[in-house]
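Protein chains in written order, with our numbering: chain L, 148 to 581; chain C, 148 to 407.
Backbone N, C-alpha and C fix where the C-beta goes; we use that ideal spot for every residue, glycine too.
Since this is a predicted model, take the numbers as computed values, not measurements.
Some notes on the structure that comes next.
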Ligand SMILES: Nc1ncnc2c1ncn2[C@@H]1O[C@H](COP(=O)(O)OP(=O)(O)OP(=O)(O)O)[C@@H](O)[C@H]1O
Ligand SMILES: [Mg+2]
């Protein structure tokens with residue numbers, strides 16, 4: 148080949164990333180072919196950069212530089228560390244599915260209790276015969292890279308009419324320093340079902356690691372699904388997660404993401420309302436400090452008439468943090484009577500904190516009610532003074548106002564127990580500030 | 148000398164000495180002097196814009212005011228060196244003329260957090276939840292504040308009168324040694340005024356002093372002051388006994404304008 152070898156910042160050839168990992172990537176020869184093709188796409192595109200409209204505010208070339216090599220498979224010592232982390236981050240009563248450095252850890256998971264109510268496989272198992280899960284209709288470099296490199300994930304199917312008695316919590320744990328984990332999962336919910344999925348990203352001692360995760364969710368008609376994500380990574384980590392959701396008719400889908408860590412993070416969600424009469428509530432919170440960069444990008448696609456979508460996003464940015472919210476609502480020509488609203492607010496706790504808000508409406512139908520709003524500002528001095536005059540020290544007064552501010556998004560979580568859990572994670576972030 | 152002689156033997160709780168304060172380059176207080184002894188009730192009256200709220204804000208530590216001269220001592224300590232929360236923990240309480248609304252911060256949570264922050268700063272144990280709830284229930288009942296109001300955000304959707312009663316509730320909970328009431332009577336109907344004033348009177352004690360800022364003699368019928376001060380153009384221009392308030396009610400402030 149007469150093409151110059153693309154080099155990463157540290158002189159490693161980009162293709163080494165794949166060739167050095169290939170022997171460890173699960174799948175049949177057909178799957179390997181799909182992976183190779185996906186990697187070629189990634190090689191051609193390279194890390195996303197600011198000249199791409201979708202990545203304008205999150206220039207991974209500048210922020211990340213290079214993709215780190217694949218993490219080693221977990222051994223007994225790392226699994227022990229992961230087990231300790233699971234204890235800290237597990238939600239009471241939830242069925243846990245644990246991925247350690249991108250590999251499913253059966254011993255740390257509640258597979259037995261889960262399979263009584265839902266179908267479960269690992270990604271590794273499905274790739275023995277089928278490359279389907281690696282295919283996504285997207286030309287995003289990070290998603291292509293995920294398809295090429297995904298080592299494992301969870302594949303869940305929830306049958307028609309099944310009402311899960313407990314939340315399923317997928318816990319991603321990083322234990323390997325200076326390495327990458329690639330995971331891809333699927334959640335297929337049947338008709339008239341009820342399920343709650345929680346995803347938690349945390350570190351167990353790992354530093355400077357990278358996560359690239361993809362989740363494919365489909366929700367059948369008349370179902371009620373909550374999907375809550377907590378990106379609570381180590382302060383020097385990188386986490387790019389892509390989420391695809393397709394929603395049937397008369398569905399209630401309650402989505403929430405909170406970012407409380409990572410040097411660089413991005414959640415890119417693509418949510419398609421494909422059946423009439425559905426209600427989407429998609430909300431998020433970024434809590435950022437130091438030089439953290441947190442990007443929440445949500446595309447809500449109204450493909451059919453009579454759906455409602457609501458987005459509430461709150462960013463709290465301290466020090467030299469940088470929050471990005473990109474929200475796009477697309478209303479296709481057929482999607483009459485769409486009711487779509489999005490409201491994003493940023494709270495800047497320091498003069499150097501930055502928040503970029505890019506709400507966009509792309510409306511191709513004429514009988515719709517859509518709107519968006521965005522604000523950014525500091526804490527209200529008169530409220531701060533009132534609290535201080537009542538005895539609260541500065542940081543505690545701020546914490547109370549910050550909690551109230553993010554509360555507007557968190558209170559959209561319908562389940563009391565989960566809401567309390569999320570509030571707890573936010574409170575820990577606030578305590579670290581004090 | 149505007150001190151009443153019989154009070155001079157008491158301990159001074161608050162001493163404001165020749166205080167000069169600027170807001171945005173404009174001097175608002177031009178050398179104000181005021182001493183409040185332990186256990187006394189002082190009333191401050193004076194026309195709109197004479198600087199009454201400014202004085203109360205500077206005592207509480209509100210940012211945005213530049214003290215260019217003078218001193219404020221509280222129990223002999225330099226108040227101007229302290230953060231607002233330190234002043235609160237030491238026993239300074241300002242019932243605001245315009246209490247702010249704080250959406251998303253439940254009143255109960257706020258009350259508990261504030262009370263415990265003050266106690267912690269003083270090295271006291273935090274209140275247990277049952278003790279705290281009992282105390283809030285007692286005080287709110289005596290002030291005719293319904294329990295469901297306490298579940299709402301601080302002052303959110305409260306009527307003007309309810310906001311003022313919420314200030315008195317906090318005063319009763321925090322048990323400060325200096326209470327400054329900035330126009331507690333404005334926006335209160337006659338019954339609410341009586342209830343709030345009863346609440347304030349219940350807090351009278353030989354160790355607690357109050358500074359009651361008002362435009363109306365009526366409040367002083369309920370909360371009877373030991374000393375009445377007239378403020379005009381950023382100074383105390385006259386001090387006297389409670390009869391001074393009646394005099395003002397009859398003749399207005401015009402006589403003091405020149406003195407200022
Ligand atoms: N933040 C500010 N910026 C500019 N001027 C101010 C500010 N706060 C107060 N002032 C001015 O200072 C003067 C005194 O105001 P202050 O509120 O202390 O008066 P007051 O005696 O409490 O009046 P009222 O009886 O109407 O409550 C007024 O002329 C007011 O306009
Ligand atoms: Mg005033």
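Chain C places a beta carbon closer than 7 Å to that of residue 532 (chain L), counting this residue as a contact. Residue 199 (chain C) has its CB nearer than 6 Å to a heavy atom of ligand 2. Looking at the backbone, the Cα of residue 377 (chain C) and that of residue 333 (chain C) are separated by about 18 Å. Interface flag for residue 529 (chain L) against chain C is set, since a Cβ pair is found closer than 7 Å. In this structure, ligand 2 has no non-hydrogen atom nearer than 6 Å to the beta-carbon of residue 218 (chain C). With respect to chain C, the C-beta atom of residue 526 (chain L) has no partner C-beta closer than 7 Å. Taking a Cβ-Cβ threshold of 7 Å, the residues of chain L close to residue 207 (chain C) are 536, in chain order. Taking non-hydrogen atoms of ligand 2 into account, the C-beta of residue 415 (chain L) is found less than 6 Å away from none of them.
For residue 221 (chain L), the closest C-alpha among the options L:321, L:358, L:444 and L:523 is that of L:321. Spanning the alpha carbons of residue 197 (chain C) and residue 224 (chain C) requires a straight line of approximately 27 Å.
Between residue 551 (chain L) and chain C, the shortest Cβ-Cβ separation is below 7 Å.
Boundaries of the alpha helix (DSSP H) harbouring residue 232 (chain C): 231-237, taken from the DSSP string. In the three-state scheme derived from DSSP, where H, G and I count as helix and E and B as strand, residue 313 (chain C) is classed as helix.
Of the candidates L:533, L:165 and L:363, L:533 places its Cα closest to the Cα of residue 314 (chain C). At least one CB atom of chain L sits nearer than 7 Å to the CB of residue 265 (chain C). Under the DSSP assignment, residue 269 (chain L) falls in the beta strand (DSSP E) whose first and last residues are 266-269. Spatial neighbours of residue 452 (chain L) in its own chain (CB-CB distance under 6 Å, excluding positions within 5 residues in sequence) are listed in chain order as 423, 482, 483 and 484. With a cutoff of 7 Å on beta-carbon distance, residue 205 (chain C) and residue 168 (chain C) are scored as near each other. In the three-state DSSP reduction, residue 506 (chain L) falls in the strand class (E or B).
Distance from the Cα of residue 359 (chain C) is smallest, within the candidate group C:189, C:182 and C:174, for C:189.
Closer than 6 Å to some heavy atom of ligand 2: that describes the Cβ of residue 244 (chain C). DSSP assignment within the segment 516-561 of chain L yields the following whole alpha helix (DSSP H) runs of 4 residues or more, N-terminal first: 528-536 and 541-557. Taking 8 Å as the upper bound for CB-CB distance, residue 329 (chain C) and residue 227 (chain C) are not in contact here, some 19 Å apart.
The nearest non-hydrogen atom of ligand 1 is less than 6 Å from the C-beta of residue 171 (chain C).
Under the three-state reduction of DSSP, residue 213 (chain L) is assigned to coil, being neither helix nor strand.
In terms of CA proximity to residue 374 (chain C), C:357 leads the group C:357, C:380 and C:266.
Sixteen is the threshold: since fewer than 16 other Cβ atoms of the shown chains lie within 10 Å of the Cβ of residue 368 (chain C), the residue is exposed.
Taking a beta-carbon distance threshold of 7 Å, residue 251 (chain C) counts as an interface residue toward chain L. In this structure residue 512 (chain L) does not touch residue 471 (chain L) by the C-beta definition: roughly 28 Å separates them, more than the 8 Å allowed. Annotation note: the segment 294-335 of chain L contains the following uninterrupted beta strand (DSSP E) runs of length 3 or greater, listed N- to C-terminal: 301-305 and 315-321. Counting along the chain, residue 373 (chain L) sits inside no alpha helix (DSSP H); it lies in the beta strand (DSSP E) bounded by residues 371-378.
Residue-level contact by beta carbon fails for residue 441 (chain L) and chain C, as no gap is shorter than 7 Å.
Note on geometry: alpha-carbon atoms of residue 330 (chain L) and residue 353 (chain L) lie some 17 Å from one another. Taking a C-beta distance under 7 Å as the contact criterion, residue 462 (chain L) and residue 502 (chain L) qualify as a contact pair. As summarised for the segment 373-440 of chain L, there are no continuous alpha helix (DSSP H) elements at least 4 residues long confined to that stretch. Sequence-distant partners of residue 403 (chain L) (beyond 5 residues in either direction) whose C-beta falls short of 6 Å from its own C-beta, in its chain, are 375, 430 and 560.
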